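Colleague: Here it is: the structure, laid out below.
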Amino acid sequence: MQTVLTLVYHFRTRCGGWVPLLLIGGLLLLASCGTPAPANPEGPAANRPPQVITPTPPPTPTARPVGGNLTLGVADDVPILRPWQPDNRTAELISTLMYPGLMRLDPQLRPQPDLALNWTPTADSQALTVTLRSELTWHDGQPLTADDVRFTVERLRALPFTSTALLADLRYISAVTVVDDTTLVLSLTERFSPLIAYLAVPILPAHLLQDKDLSTFNFWDLPIGAGPFQLERRIPGQSVILSRYARYYRGAPLLTRVAFVVSPDTATTANALKDGTLLMAELDWQQSRAFAPDAAFQTGAYIENGFYFLGFNLREERPFADVRVRRALALALDIPRLVEASTDGQGVIPGSSAVPGSWADLTPPRSVPPDLVTARGLLAEAGWELPAGATIRQRDGVPFLARLYVRGDDPRRVALAQRIAESAAAIGLQITVEPADFNTSFVARYAPPYDFDLLLGSWLNGAGSPAMGDFRYYDPDDFDLFHSSQINQSELDTRITRNVVGFRDVAYDQHAERARQTFDLNERTIAQREAQQRIAEQLPYLFLWADRLPVVVSAKVQVQDDTLNLNTPMYFANIERWFVADAAP
14 MQTVLTLVYH FRTRCGGWVP LLLIGGLLLL ASCGTPAPAN PEGPAANRPP QVITPTPPPT
74 PTARPVGGNL TLGVADDVPI LRPWQPDNRT AELISTLMYP GLMRLDPQLR PQPDLALNWT
134 PTADSQALTV TLRSELTWHD GQPLTADDVR FTVERLRALP FTSTALLADL RYISAVTVVD
194 DTTLVLSLTE RFSPLIAYLA VPILPAHLLQ DKDLSTFNFW DLPIGAGPFQ LERRIPGQSV
254 ILSRYARYYR GAPLLTRVAF VVSPDTATTA NALKDGTLLM AELDWQQSRA FAPDAAFQTG
314 AYIENGFYFL GFNLREERPF ADVRVRRALA LALDIPRLVE ASTDGQGVIP GSSAVPGSWA
374 DLTPPRSVPP DLVTARGLLA EAGWELPAGA TIRQRDGVPF LARLYVRGDD PRRVALAQRI
434 AESAAAIGLQ ITVEPADFNT SFVARYAPPY DFDLLLGSWL NGAGSPAMGD FRYYDPDDFD
494 LFHSSQINQS ELDTRITRNV VGFRDVAYDQ HAERARQTFD LNERTIAQRE AQQRIAEQLP
554 YLFLWADRLP VVVSAKVQVQ DDTLNLNTPM YFANIERWFV ADAAP
């Protein structure tokens, strides 16, 4: 946070001069008077005529900016509002402004207390004691208490848990015990550190929803939250207008309203930004380029909660089961150049499954330049020799042939897959690209019998909705992707698992287990880093890219005593201090 230093006014003091009164970080400080005045040489005050003192008017505080109205263009409408389950980015943003949780994620996606004042685990981490802030209220003026938290957790845990990761993982809470209006205890089935991020789940008003079926209820019918903004008006298919909530616990927002204007066409949205009809929007990659650099706009881009990868089938008898072969292919690829060419600069190369720029972004992306000599040496060491006059390596008379499956309806992926195959040919590996129909062929590679050698795939890491990579509950836990327990053990094992490459590594398993069993963020960071490093060494995946999602905001939109951070999905973290600079009184 920047410290704002402003000369507000002068205040006459006994020092006999004018001393500047400074506003620093919201605190009024009186500057030092300096050396005391010398004693009066004319004798005691009784011998001098009385002075006439003009009363000094009381100090005037820094003027509160006129907030104005923020108009935000969004691609999607929200016909059904379920605050805990955003089906698109619009729903996620609206829910964030209307429905706070016990926790919230900061710009680095670190969990921080929100409605909770603090939380404390027991010595065995089998329970969490949560203390709420005092004097919390709903938008209808009713008090928000620990009973609302208990209601929310119990009702959401009762919903079908197969629909989202959030609902499944809330079942790590075995019981909610209300101690008093501001204190509750969450008993856990086992230690599970991602739960802290999941406590950002929106708290729901028990006094209004006792007789409602949350699995079918549309919250537009009773839109009462406790966030900085409340519903003023909604026109289905066109707009949602929120107005500031004066009793919000962090202070009444400066903005008068936030209007979400549905604008599916990105060209129309871009034009509306340019003519000032809209003040903010998330744009597609191509449209965003027209706004930078431009002094009239502030631009940024956050990284999506998901990534594209090249997955190696590590099962026995598959050509990439040997780590030396995986490393050889990695050394043949100039991944930055390939990603740049395939994504037109939109892609950012991650070093792990964690969102780049988040607190868990602990492993840098591969920076080793292509090294064909070393790659060829690794292949020879693994027994793959290149016969005289041949272009394809062989082992025991069997040529190296591999199939790379890719979605046929995604030109970026197909282009990158072809470039990977071309690079592999330079070290004697023949990779055949198999563009596959997503529904009939490609999805089948993610399930037994896992019929692929290479898979150019992607994951979304959204916990609130299976339809998008939402951020509200972001946690970097990749246990499901790489832990050996997440491999189907036989044809009789009908679990839906995500360790599709069949990665087994004792060291990773230990680090990942430790990371998800500690509530101490420092300890977890250490374990998370060690788990990521093990993935980087063993290469079950080559992490290819994650897309940057551009955000454009008019330069008129400013933040009192803070900055506008558009390089995080949590750019609304300080929304209560946003204002429009030229707003009319």
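If you count by this note's numbering, then the sequence shown holds residues 14 to 598, one letter each, in order. Where a beta carbon is used, it is the ideal one built from N, C-alpha and C, also for glycine. Computed from a predicted model, the values in this text were never measured in an experiment.
1) Starting from the C-beta of residue 373, find all residues in its chain whose C-beta is less than 7 angstroms away, skip the five residues before and the five after it, and write them out in chain order.
2) Is residue 77 buried or exposed, if buried means 16 or more other CB atoms sit within 10 Å of its CB?
3) What is the DSSP secondary structure of residue 131, counted as helix, strand or coil?
4) Apart from the five residues just before and just after residue 425, which ones in its own chain have a Cβ nearer than 8 angstroms to its Cβ?
5) Relative to the C-alpha of residue 379, which candidate in 395, 362, 118 has its C-alpha closest?
6) Answer yes or no: the CB of residue 578 versus the heavy atoms of the ligand GDP, is any distance below 7 angstroms?
7) Check each candidate in 207, 201, 360, 158 and name the one with the smallest Cα separation from residue 486.
8) Consult DSSP for residue 182 and reduce its assignment to one of helix, strand or coil.
9) How is residue 500 classed by DSSP in three states: helix, strand or coil?
10) Could you pull out every residue in the same chain whose Cβ sits closer than 7 angstroms to the Cβ of residue 221, ignoring the five residues on either side in sequence?
11) By the DSSP assignment, the alpha helix (DSSP H) with residue 394 in it spans what residues?
12) Note down, in chain order, each residue of its chain lying with its Cβ closer than 8 angstroms to the Cβ of residue 349, except the 5 sequence neighbours on either side.
13) Note the first and the last residue of the continuous beta strand (DSSP E) segment covering residue 558.
14) Output needed for residue 260: all residues of its chain with C-beta closer than 8 angstroms, excluding positions within five of it in sequence on either side, in chain order.
15) For residue 109, is the classification buried or exposed, using 16 other Cβ atoms within 10 angstroms of its Cβ as the cut-off for buried?
16) Since I believe residue 210 is in contact with residue 113 (beta carbons under 8 angstroms), could you give me their beta-carbon distance rounded to a whole number of angstroms?
17) Evaluate contact between the stretch 291–302 and the stretch 554–566, counting only Cβ atoms and requiring at least three cross-stretch pairs below 8 angstroms.
18) Tell me whether residue 89 sits in a helix, a strand or coil according to DSSP, three-state version.
19) Within the stretch 190–266, note down every full beta strand (DSSP E) run reaching 3 residues or more, in order along the chain.
20) Spatial neighbours of residue 49 within its chain, please: C-beta separation below 6 angstroms, excluding the five flanking residues on both sides.
21) Based on the DSSP secondary-structure assignment, which residues constitute the bridge partners of residue 591?
22) I'd like to confirm the pairing. Which residues does DSSP put opposite residue 295 in its beta bridges?
23) Is residue 264 buried or exposed, if buried means 16 or more other CB atoms sit within 10 Å of its CB?
24) I need the boundaries of the alpha helix (DSSP H) containing residue 111, first residue and last residue.
25) Among 134, 315, 288, which has the Cα closest to the Cα of residue 309?
26) Quick check: the stretch 319–337 against the stretch 551–558, are there 3 or more CB pairs under 8 angstroms?
27) With DSSP run on the structure shown, which of helix, strand or coil describes residue 58?
28) Is it buried or exposed, residue 299, if we count other Cβ atoms within 10 angstroms and call 16 or more buried?
29) So, for residue 177: in the same chain, excluding its five sequence neighbours on each side, which residues have a beta-carbon less than 7 angstroms away from its beta-carbon?
30) Is residue 267 close to chain B? Criterion is C-beta to C-beta, closer than 8 angstroms.
31) Spell out the partners DSSP gives residue 526 in its beta bridges.
32) Mind checking whether residue 341 and residue 391 have CB atoms under 8 angstroms apart?
33) Do you know how far the Cα of residue 551 is from the Cα of residue 395?
34) Which one of 587, 166, 179 has the shortest CA to CA distance from residue 191?
35) Go ahead and pull the three-state DSSP assignment for residue 536.
36) Run the CB neighbour count on residue 266, radius 10 Å, all protein chains shown included, and call it buried at 16 or more, exposed below.
Modeller: By the coordinates alone:
1) 367, 489, 541
2) exposed
3) strand
4) 355, 356
5) 362
6) As for the ligand GDP, it is missing from this structure, which has no ligand bound.
7) 207
8) helix
9) coil
10) 235, 237
11) 385–394
12) 362
13) 554–567
14) 150, 154
15) buried
16) With a Cβ gap of about 14 angstroms, residue 113 and residue 210 do not count as contacting.
17) yes
18) coil
19) 196–201, 242–248, 252–257
20) Confidence is the limiting factor: at residue 49 the pLDDT is only 32, short of 50, which leaves the residue's position unreliable, though a coordinate-based value still follows. Correct list: empty, nothing qualifies.
21) 572
22) 564
23) exposed
24) 102–111
25) 288
26) yes
27) At residue 58 the pLDDT is 35, less than 50, meaning the model places this residue with poor confidence; the figure from the coordinates comes in the next sentence. In this structure, residue 58 counts as helix in the three-state DSSP scheme.
28) exposed
29) 98, 476, 477, 478, 479
30) This model lacks chain B altogether, as it is built from one protein chain only.
31) None, per the DSSP bridge assignment.
32) yes
33) 15 angstroms
34) 166
35) helix
36) buried
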